[in-house]
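Okay, structure first, notes after.
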Amino acid sequence: SAVGLARTLGIRTQRVAALPTMELKDSLAIAIAAVSLLVSVFTLRLQRKDKAEKLRVTDAMGLDVDTNGTGPPIVILEAANVGEREVTVSSFCLLLPNGLVLIYPYAPHHVRLPYELQAGKRCSMHIPAAEVARAVRENAHPRHVKLRPQYSAQSGAKFTGKALKFDSHAWR
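Using the numbering used here, the letters of the sequence shown correspond one by one to residues 292 to 463.
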């Protein structure tokens, strides 16, 4: 045996006390603590998610109508605050498929930026379709292109909507 071999070689051995066995009540206490920890972490994640900034971004084509009648076609970008906290919108743009960004710092018919968008409210920006078409053509895009609307918040968060199919040659 190992103990006999150790004595033969002159190695001193000591008897080690057996570790106490865990009782059922100790196991239950550890299991309950682990479940409590998991529930706490899950609850914390849900609370953080509920308090996050949430914008739903959409775009569409439309006509600018005023007291003089129907105006030129426009691209409409809309942001709806679907979260529980206020979002400060700092900019908006259109994303082109090749990664270029069309920014309109002085677009007509929009709210003044930065704009504090309350929970449950929405705001929209309008850009003349002819200006968008010219920018798309100048950047060597094909006739039919998908434009993605994007709003940025003052916090640095970016919110992007579904792509709008846009014909750059239809709006000259």
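Backbone N, C-alpha and C define an ideal beta-carbon position, used for all residues, glycine too.
At a Cβ-Cβ threshold of 8 Å, K345 and V373 count as neighbours. A371 is bridged by DSSP to R347, R413. In summary, P419 is buried, with 16 or more beta-carbon neighbours lying within 10 Å of its beta-carbon over all protein chains present. Annotated as proximal: V348 and P440, with beta-carbon spacing under 8 Å. Residue pairing from DSSP leaves A320 without any beta-bridge partner. Exclusion of the five residues before and after K437 leaves P388, A454, L455, K456, F457 as the residues of its chain whose Cβ lies within less than 8 Å of its Cβ. Here DSSP, grouped into helix, strand and coil, assigns A461 to coil. Cβ contact annotation for A421 (same chain, cutoff 8 Å, sequence separation greater than five): P363, P364, W462, R463, in chain order. Non-local C-beta neighbours of A322 in its own chain, meaning closer than 6 Å and more than five positions away in sequence, are absent. Looking at the DSSP output, R336 sits in no beta bridge, so it has no partner there. Scanning its chain for C-beta atoms nearer than 6 Å, with the 5 sequence neighbours on each side dropped, one finds around F450 the residues L346, V348, Y442, in chain order. Under the three-state reduction of DSSP output, A444 falls in the strand class.
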